[in-house]
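Quick note on numbering: the UniProt record's numbering labels position 49 of the sequence shown as 49, and the sequence is numbered without any gaps. Each residue gets a CB set at the ideal place from its N, CA and C atoms; glycine is no exception. Since this is a predicted model, take the numbers as computed values, not measurements. The structure under discussion appears below in the form of structure tokens.
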Amino acid sequence: MDYTASRGHLDVVKWLHANRSESCATAAMNEAAQSNNVAVMEWLDQNRMEGFTSGAMALVLINGQLEAFQWLLSRGAKLCVATEMKAAAAFGNFCILWVLYQKNCGSIETLKNALIRSCRRLEFAEWAYVYHRHEFEQNIAEQLFAD
């Protein structure tokens, strides 16, 4: 069932659930998340008890799966904000970085550090300049003139 869930074969997952006695592991949900198979994730959530692990969030971030990311957040997935922002920036997952920032999942300092660690990706620098220049300038000025 884990393999079929990871490939998005919802009909096969349903058949296995109805006709076989083997259980599935949390890997089924994690791998469905990695592949952005939200329909499979939803079905597993409603019909199975295994759930997902914290590894699901890492897989989603690495692969830039925005819908699966939002689904995991809606189901109470825990965030380690600095880690998620760094991963999103490093893997070029701007949409996920944007969602994290919009949800106030981190300070401007966390965002700045994520951008610095993103190999200085141009699209992140442009976004930061266009939308948050004042916040960055203020933060830098405060650092320069701090006692």
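Item: Three-state secondary structure assigned by DSSP to N37; Value: coil
Item: For Q65, three-class secondary structure by DSSP; Value: coil
Item: Same chain, Cβ closer than 8 Å to E67, neighbours up to 5 away in sequence not counted; Value: N36, V38
Item: Reduced DSSP category for H9 - H, G, I as helix; E, B as strand; rest coil; Value: coil
Item: Which of helix, strand or coil DSSP assigns to S21; Value: coil
Item: Neighbourhood of L16 by C-beta distance below 7 Å, restricted to the same chain and skipping five residues each side; Value: M1, T4
Item: Buried versus exposed call for V40 [16 or more other C-beta atoms within 10 Å across all chains shown]; Value: buried
Item: Own chain, CB closer than 8 Å to L61, minus 5 neighbours either side, in chain order; Value: F69, E84, A87, A88, F91, N93, I96
Item: CB-CB length for A56 against A33, believed under 8 Å; Value: 4 Å
Item: Cβ separation of M29 and E42, assumed to be a contact under 8 Å, to the nearest whole Å; Value: Not a contact, Cβ separation roughly 10 Å.
Item: Whole-Å CB distance - S6 paired with E31, under 8 Å assumed; Value: 3 Å
Item: F52 - containing alpha helix (DSSP H), residue span; Value: It is not in any alpha helix (DSSP H) - F52 carries neither H nor E in the DSSP assignment.
Item: Neighbourhood of L44 by C-beta, 8 Å cutoff - its chain only, sequence neighbours within 5 removed; Value: A5, V13, C24, A28, M29, A32, E50
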